[in-house]
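Using my numbering, read the sequence shown as starting at 72 and increasing by one per residue. Positions of the beta carbon are idealized from the N, C-alpha and C atoms, including for glycine. These figures come from a predicted structure and were not determined experimentally.
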Amino acid sequence: MSINRNIAALQSEFDLLIIGGGVTGVALAREAARRNLSCCLIEKNDFGWATSAATSKLLHGGVRYLENYEFGLVRQSIRERRNIGNAATHMVHTTPFVFPLYNNRSRWHHWRSRLGLFLYDMLAYDRNRRVPADLRIPGHHFKTRDAIQKEAPAINADGLRGGYVYYELQSHFPERLLLEWALTAEQAGARLFNHMRCDEFLLEGSDQTASSDGDHTGWSASAQAGRSARIRGVRVTDVLANKTHTIHARIIINATGPWLEEILTESNFPVPSPVTLSKSTGIHFVTEPLLGPDSAYVFALERGTHIFIIPWRGYSLIGLTDEPYNASADELYPRETEVRQLFEDVNTVLADRPLKKEMIRYIFTGIRPLIFSQKSTYNASRKSELFDFRKQGIENLYSVAGGKWTTSRDLAEYAIHVIQKQQSHFHPVQNIDTAREAFVSSCGYGESVRDYRRFVAQQNAWPAVNADIIDHL
């Protein structure tokens, strides 16, 4: 199944145009289409190629957010972990995370860890509601020193007391999960176009229309004088065909993640973004297997951050750095200082069998587009927000900022609901709850992986596909 890139459809006027084909944009497209809104999404590269692909491959409940007392965000994350997992049971599985405890940490640190996981379980009281047996998440428990050393002999055993085990969902390929989300949006009626770059916003003021050369001086002054300007579309370039098109839409949502501010400045937008980002980079190593194949390990570092080692398809996935980033998102590459930092951090926890450079098979990096705060990017909130440009004197333009993979469906649902209420011409629309809807290629919401294997086997009865290949795919 593939997305139909029907260029002729761009001649229509859409209720909603979404710029950005990461997980937030795709989730917005699905929510809009399911509510019977005509919707178009454009992405300048491929779907989910940037931030949405550079993840730790987890749908997680946000246990770390308890440190900032963000109980609402933790509840939201736990709920959406269940919803997305149930929507695509064939693409996720439960993974235990071991948090080792050492004698060199204070007794309060150990009690705080225990209390935090107890509270995490309490907040996740409904984590297994309508969840198939093979995806259910147990409560946390203690793992002895001997059991940890047997499973992961490479970790530093000096002062090891044991550790706590909690559970999250892992997705081997978030890119494939995002593509299924995009296909679900298209099936609902959304039009999706990759390799379609937004070059210019088309606006009109109360007394004149913006010129085609990007000179918006007239209506900028009009907006500053209290007379609102209005979005009416965008001018785009089809990168594959090197052709320009104009797309008209009643509402435009900027969901470009780390490009949220750049896309406005590059198109000569006359007013500043209503949101300022605190961008930070995070790198991952993919290495030869370092620990056992079944459990992930999370280590607290002396400077107050953490790293993890996660089993991934016969390799180890190691992360994550968190360094401020001020350059263009288009200029991103793994910085030497971050590579060195992560390498050194890993070897503080693998003292007996250290990671060697030749064991690293791949390094990838991504940008966290966090909403600006006075906190460090590590401690900054992962909350998301919808920003309306009307305070800047421009109608029908919104930006969506912040958030994370796990909570993107909930963010999209909230954003479309708010926009529906503000835009009377969108009525009547369908009231839909996508929280309990499956993605296109699954065999149903909350169905077990065993049922999915049976479903796929039936679909591939002729020509026959080997069962091992089905499991691998």
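Nearest neighbour of residue i, chosen from the options [CA to CA]
i, options, result
"R374", "Q412, N339, F264, L388", "Q412"
"H488", "V97, L108, R76", "L108"
"L240", "A486, R150, E508, F510", "R150"
"L441", "E332, Y173, C269", "E332"
"N174", "T408, Q147, T358, N227", "N227"
"A312", "F264, I323, E275", "F264"
"V202", "Q529, A509, V527, R524", "A509"
"K275", "R432, R321, R216, Y516", "Residue identity check: residue 275 is Glu in the sequence provided, not Lys. Of the candidates R432, R321, R216, Y516, the one whose C-alpha sits nearest the C-alpha of E275 is R321."
"T358", "R439, M430, V369", "M430"
"N77", "S299, N418, E257", "E257"
"S123", "V94, D217, N139, R207", "V94"
"D423", "E141, A225, L144, A121", "A225"
"A472", "V500, I90, H211, N139", "I90"
"K454", "Y136, K115, E102, C111", "Y136"
"H212", "L248, L335, F170, D86", "F170"
"Q501", "A103, V97, G96, L87", "A103"
"P382", "F168, Q220, A506", "F168"
"V163", "Y191, V145, G133, R207", "R207"
"F118", "I219, L87, D192, T327", "T327"
"Y386", "G233, P364, L482, G517", "P364"
"F340", "A261, F460, E518", "F460"
"W120", "L273, V97, Y235, D504", "V97"
"R216", "L231, I378, G210", "L231"
"H355", "L249, S299, V410, R176", "V410"
Buried/exposed call for residue i, threshold 16 Cβ in 10 Å
i, result
"M562", "Lying before the first or after the last residue shown, residue 562 is absent from the chain, which here runs from 72 to 544."
"E415", "exposed"
"T347", "exposed"
"K427", "exposed"
"K314", "exposed"
"K214", "buried"
"L457", "buried"
"R178", "exposed"
"D229", "exposed"
"E251", "buried"
"T408", "exposed"
"K462", "exposed"
"S83", "exposed"
"Q147", "buried"
"S293", "Caution is warranted here: a pLDDT of 47 is assigned to S293, below 50, making its placement in the model unreliable, and the coordinate value is therefore given only provisionally. Classification of S293: buried, given that the 10 Å Cβ count is 16 or more."
"V310", "exposed"
"D197", "exposed"
"W182", "exposed"
"P245", "buried"
"G132", "buried"
For residue i, the residue or residues it bridges with in DSSP
i, result
"I219", "Answer is none; I219 lacks a bridge partner."
"Y235", "F170, F213"
"I302", "L274"
"N325", "I90, S470"
"V307", "C269, H316"
"Y396", "Note: Y396 sits in no beta bridge, so no partner."
"S242", "In the DSSP output, where bridge partners are listed per residue, S242 has none listed."
"G437", "G353"
"I431", "T358"
"E402", "None, per the DSSP bridge assignment."
"I465", "A300"
"L263", "L112"
Test item: CB-CB of residue i and residue j under 8 Å
i, j, result
"I302", "I113", "no"
"A223", "L372", "no"
"E271", "S184", "no"
"A125", "T478", "no"
"T352", "E394", "yes"
"L194", "I155", "no"
"M470", "P343", "The question names Met, yet the displayed sequence has Ser at residue 470. No, the Cβ-Cβ distance between S470 and P343 is not below 8 Å."
"G304", "I318", "yes"
"L99", "A400", "no"
"A158", "S495", "no"
"V511", "T255", "yes"
"I74", "A253", "yes"
"Y396", "K350", "yes"
"T160", "V417", "no"
Proximity test, residue i beta-carbon vs the ligand GTP heavy atom, cut-off 7 Å
i, result
"F370", "Looking for the ligand GTP in the displayed structure turns up nothing, as the structure carries no ligands at all."
Chain C within 8 Å of residue i, Cβ atoms only
i, result
"K128", "Of the chains in the structure shown, none is chain C; there is only one protein chain."
Q.
Give the list of continuous beta strand (DSSP E) stretches no shorter than 3 residues that lie fully inside the stretch 89 to 155.
A. 110 to 113
Q.
At 4 residues or longer, what runs of the alpha helix (DSSP H) sit wholly inside the stretch 171 to 198?
A. 178 to 194
Q: Write down every uninterrupted run of the beta strand (DSSP E) in the stretch 309 to 390 whose length is 3 residues or greater and which is fully enclosed by it, in chain order.
A: 314 to 325, 348 to 358, 367 to 371, 377 to 383, 386 to 390
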